[in-house]
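A.B. asks: Structure in structure tokens, see below.
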Amino acid sequence: MPRERTYRTRAIILKHRDQGEADRVITAITPAQGKCTLIAKGVRKPASRKAGHLEPFTHVALLAAKARGWDIITQAESIHSFPGLRADIDRMAFAYYFAELVDAFTQEEDSQPEVYDLLLRALGYLEQGENLEMAARWFELRLLRLSGYQPQLFQCLECGEPLQPVTNYLSLERGGMLCPRHGEGVAGAEPLGVGVLKILRYVQSQPYAVLAQLTLSPARGRQVEGLLASYIRYVLERKLKSPQFIQQVTRLR
Ligand SMILES: [Zn+2]
6 MPRERTYRTR AIILKHRDQG EADRVITAIT PAQGKCTLIA KGVRKPASRK
56 AGHLEPFTHV ALLAAKARGW DIITQAESIH SFPGLRADID RMAFAYYFAE
106 LVDAFTQEED SQPEVYDLLL RALGYLEQGE NLEMAARWFE LRLLRLSGYQ
156 PQLFQCLECG EPLQPVTNYL SLERGGMLCP RHGEGVAGAE PLGVGVLKIL
206 RYVQSQPYAV LAQLTLSPAR GRQVEGLLAS YIRYVLERKL KSPQFIQQVT
256 RLR
């Protein structure tokens with residue numbers, strides 16, 4: 006009989022769901038294999054020692070065995086379970102959101118070590134940091150960049166001219182900014198003031214340590230959050246229609 010092929014990997018657990026009587030299906034992101042679906046057998050039995058290591062957002066060292074369907078987790082040991090994050094409902098809510106975004110933006114069998122690193126750092130900021138909103142904006146813009154959807158915030162997408170400090174136009178469809186000459190009156194292009202554009206540029210270009218010092222008024226904060234949420238929604242809807250994504254979904258059926 007051929008020996009089972011086992012492998013070791015680090016992973017961050019994105020989510021899990023119950024399967025059958027005692028098993029759990031785990032979605033995780035790994036440095037080398039990208040997003041993976043694995044199964045942990047018997048993990049819901051009281052005697053199982055694996056369960057605690059396979060909770061969402063846990064950074065874990067896995068030993069897994071290749072299988073026909075989902076690979077099987079044979080050992081799981083936490084590297085860091087982010088206890089400071091778990092103790093706080095607000096931090097937890099952001100962590101769920103980050104994991105959901107990574108799940109939505111990544112495909113299986115598509116190695117993206119930068120996304121893995123990004124999520125690990127972002128969970129650290131959520132655990133230690135005080136400015137959770139800014140951690141979220143930082144994370145959103147970094148994930149968009151790594152996924153190839155970085156919004157163009159510095160030049161007009163039509164003429165390539167640097168944007169002037171006036172009201173310019175944001176087009177979700179084009180993936181960024183248009184100057185007044187090319188944006189005004191264009192369907193789907195919304196006016197965007199200098200103040201908000203400056204904040205978006207700042208978040209896109211500065212490290213979290215710098216951004217953590219930045220306090221926005223609640224209104225400004227909501228405006229920036231809303232803009233990025235619309236952009237992410239737009240990108241994900243377009244992604245849903247992409248051939249690569251459809252292929253992946255079909256394969257899962
Ligand atoms: Zn232009």
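With the working numbering as the guide, the letters of the sequence shown map in order to residues 6 to 258. We treat Cβ as the ideally placed atom computed from N, Cα and C, and that holds for glycine.
1) Between which two residues does the beta strand (DSSP E) holding GLY57 run?
2) Leaving out the 5 sequence neighbours to the left and right, which residues in its chain are closer than 6 angstroms to ASP76 when beta-carbon positions are compared?
3) Mapping DSSP to helix, strand and coil, what is LEU257?
4) Output the distance between the C-alpha atoms of GLY57 and LEU202, rounded to the nearest integer angstrom.
5) Report yes if the CB atom of ALA1 is closer than 7 angstroms to the CB atom of CYS41, and no otherwise.
6) Taking 7 angstroms as the threshold (C-beta atoms), are LEU146 and VAL120 in contact?
7) State yes or no: is the C-beta of ARG179 nearer than 6 angstroms to some heavy atom of ligand 1?
8) Measure how close the beta-carbons of GLY89 and GLU26 come, nearest whole angstrom, since I'm counting them as under 8 angstroms.
9) Within the same chain, show all residues whose beta-carbon is closer than 7 angstroms to that of LEU183, passing over the 5 residues directly before and after it, in chain order.
10) Excluding the 5 residues flanking SER159 on each side, which residues of the same chain have their C-beta closer than 8 angstroms to its C-beta?
11) Is it right to say THR11 is buried, meaning 16 or more other beta carbons lie within 10 angstroms of its own, or is it exposed?
12) Mind checking whether ALA16 and ARG29 have CB atoms under 7 angstroms apart?
13) Let's see if you can read the secondary structure: which residues bound the alpha helix (DSSP H) around PRO185?
C.D. replies: Here's the rundown:
1) It is not in any beta strand (DSSP E) - GLY57 carries neither H nor E in the DSSP assignment.
2) Closer than 6 angstroms at the Cβ level, and outside the excluded window around ASP76, lie LEU43, ALA69.
3) Reliability of the predicted coordinates at LEU257 is poor, the pLDDT of 48 falling under 50, and no value is obtained from them.
4) 43 angstroms
5) Residue coverage of the chain in this structure runs from 6 to 258, which leaves residue 1 outside it and unanswerable.
6) no
7) no
8) That pair is no contact at about 34 angstroms.
9) CYS161, LEU162, GLU163, ASN173, TYR174, SER176, VAL191, ALA194
10) Checking the displayed sequence, the identity of residue 159 turns out to be Phe instead of Ser. Excluding positions up to five away in sequence, the list reads PRO167, LEU168, MET182, ARG206.
11) exposed
12) no
13) Where PRO185 is concerned, the enclosing alpha helix (DSSP H) starts and stops at 185-188.
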